[in-house]
């Protein structure tokens, strides 16, 4: 690069768009130079919400996720204790968080077949299917 061909003048990339002040906007409104319109339904998302609420109130079914059975929770805990493992050690062995093992043993977890399969392999027990 030739230093004589460089442009050292500052370049302005953006313009400073100044908004009109509140006082000047109020003055323009008083003078009648500005029209204001009220938007219909602005900020409200009320399309059919009352009908939907009525349908929900009329619904009688009880929707909830199935949890791990207490027998499975106890089986996991017994198998883990027979292997002399802590919840954290079992979680590390199956690459899950300790909280997940805690939820399964407390019966709070929603059954995930992949996690149950990992637990079965890590502990060497069968948790799913019919017991013989």
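Numbering (the numbering used here), first residue to last: 4 to 135. Using N, Cα and C, we set each Cβ at its ideal position, and we do this for glycine too.
Could you spell out where the alpha helix (DSSP H) holding residue i opens and where it closes?
| i | result |
| --- | --- |
| residue 28 | 25-34 |
| residue 93 | 90-96 |
| residue 125 | 116-126 |
| residue 76 | 73-85 |
| residue 102 | 101-109 |
Roughly how far, in whole angstroms, is the beta-carbon of residue i from the beta-carbon of residue j, given that I think they are within contact range, below 8 Å?
| i | j | result |
| --- | --- | --- |
| residue 97 | residue 121 | 4 Å |
Leaving out five residues on either side along the sequence, give the residues of the same chain with a beta carbon under 7 Å from the beta carbon of residue i.
| i | result |
| --- | --- |
| residue 114 | 69 and 71 |
| residue 106 | 112 |
Spatial neighbours of residue i within its chain, please: C-beta separation below 8 Å, excluding the five flanking residues on both sides.
| i | result |
| --- | --- |
| residue 109 | 76 |
Might you give, ordered along the chain, the residues of its own chain that have their beta carbon closer than 6 Å to the beta carbon of residue i, omitting 5 neighbours on each side?
| i | result |
| --- | --- |
| residue 82 | 126 and 128 |
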